[in-house]
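For the sequence shown, the working numbering begins at 24 and goes up steadily by one.
Following: one structure in structure tokens, then a few remarks.
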Amino acid sequence: MLIGVNTLNAHNFESSHIPSTVHTKDGKSELALSRKYFKDGTQSLLWSWKSDNATLSFTDTAIRDIVSSFDQRSGVKLWIFNETPQPDPIVFQFRDAENVIQYTFNFNLNFTGWRAAWIAYSDMWTPGGEKTSARHVVSMDIVSPGNIPEGKLWFDRIEFTDYVDRQATPDAQIPQNNRHLNREIWHWGLLHKWEQQKHDMEVSQEISTKESTDLALVYDNVKQMLKKGSLSDTEKKEQQQLIQLFSISENGKKGAPLMQNDNTKPGDVNFGQLNKLLDLSARGWYADKDNAAKENFLLTIRYMLNQGFAWESGMGTNHHYGYQIRDIFGAVWWMEDVLRANNLWEETRKAVTYWSGLQETRQP
């Protein structure tokens, strides 16, 4: 957590009961503590609705208290786990004491795994779609999609804070997040924008034999540049330490929470540690033919995607991460055949290509 940031209220759902400030409305849904997925500790909040437009409500006093820091980007930070992608969003509504909606935003459910919703009050919308201003909101409602009569979502790491990172990242869940900031030279804020870009020239659907030969030569040369050697004894020891640190479940859906470096706390892991584990596991297979290393690589990839290091995901904030993940690209490339054989190549390729910023090259 950033030094100087005041998180006035936070929920990690690690106690034996659901906080009294968290409840449902209208008898359309149920709440439970769950160990199936978590992004902090070992538990999360499971919301199960059985009717469309069901409502999950938070009435923490911090929702009101942080309005005084409106101009300093006060707002909410939370994580949501979705098992089944849906075409329509959930809707967040912040209401005042008269039950009038003052702020709102949509959160798209077109994903599986964990995604972050980090947004300042100043980056939300009025019900009429206008820019927000400081209002005395006292509650946060989350409304289920109107055309989905039954569903489930898991929530964790909920914070009402007087400062949401200035580098809160637009992504497929909140594409217009942080839109009031001029970020044209800030790589972190442009990944989703670049992903929507079309090529500035026509991309041929067919290539000649010579072009194919030339591309294959470049492909092989670059891949060989990224190749590394066998693991040393020290690296093998480090790999085992990382495996224990990550504690990934057999299906890759649980493990130590993966967070961006300056938002980690005890029990979390960061991008640099993920980078190292994937690099060592990949080399353990392609250089040493260690089957256990191959299986751990696949497990770590599944975990990575579930944790939100995925295509069009921003993970709340993702600034200055390139230095930390430089080995992931070569590791994934050298494990292409293994990933293809396990139906993971396309999703993994899209994830690492997205996070590389390669799509910037579609336009001059």
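Even glycine gets a Cβ: it sits at the ideal position worked out from N, Cα and C.
Check: Can you grab the Cα-Cα spacing for the pair Tyr-377 / Glu-383, in whole Å?; Outcome: 10 Å
Check: In angstroms with no decimal places, state the Cα-to-Cα distance between Gly-64 and Glu-37.; Outcome: 7 Å
Check: Could you tell me which of Glu-335, Tyr-346, Thr-127 sits nearest to Ala-139, measuring between CA atoms?; Outcome: Glu-335
Check: Should Thr-84 go down as buried or exposed, given a rule of 16 or more other Cβ atoms within 10 Å for buried?; Outcome: exposed
Check: For Pro-110, count neighbouring C-beta atoms within 10 Å of its own C-beta (all shown protein chains included) and say buried if the count is 16 or more, exposed if not.; Outcome: exposed
Check: Using the rule of at least 16 other Cβ atoms within 10 Å of the residue's Cβ for burial, across every protein chain shown, is Asn-319 buried or exposed?; Outcome: buried
Check: Threshold first: 4 residues or longer. Then list the alpha helix (DSSP H) segments lying entirely within the stretch 178–225, N to C.; Outcome: 214–219
Check: Please state whether DSSP places Asn-35 in a helix, a strand or coil.; Outcome: coil
Check: May I have the straight-line CA-CA distance separating Thr-371 from Lys-154, to the nearest angstrom?; Outcome: 37 Å
Check: Quick check: the Cα distance between Asp-339 and Lys-216, rounded to an integer number of angstroms?; Outcome: Note that residue 339 is Gly in the sequence shown, not Asp. Straight-line Cα distance between these residues: approximately 16 Å.
Check: Entirely within the stretch 335–384 and at least 4 residues each: give me those alpha helix (DSSP H) ranges in chain order.; Outcome: 351–357, 359–364, 368–379
Check: For Ser-167, tell me which candidate among Ile-351, Phe-332, Ser-71, Gln-228 has the shortest Cα-Cα distance.; Outcome: Ser-71
Check: Going by the beta-carbon positions, is the gap between Ile-271 and Tyr-326 smaller than 9 Å?; Outcome: yes
Check: So the beta strand (DSSP E) Asn-15 belongs to, where does it begin and stop?; Outcome: Outside the shown range of the chain (24 to 387) lies residue 15, about which nothing can therefore be said.
Check: For Asn-286 and Thr-184, I'd like the C-alpha separation in whole angstroms.; Outcome: 13 Å
Check: Thinking Lys-277 and Tyr-60 are a contact (beta carbons under 8 Å), I'd like their distance in whole angstroms, please.; Outcome: 7 Å
Check: Comparing alpha-carbon positions, which option in Ala-191, Phe-93, Val-187 lies nearest His-343?; Outcome: Ala-191
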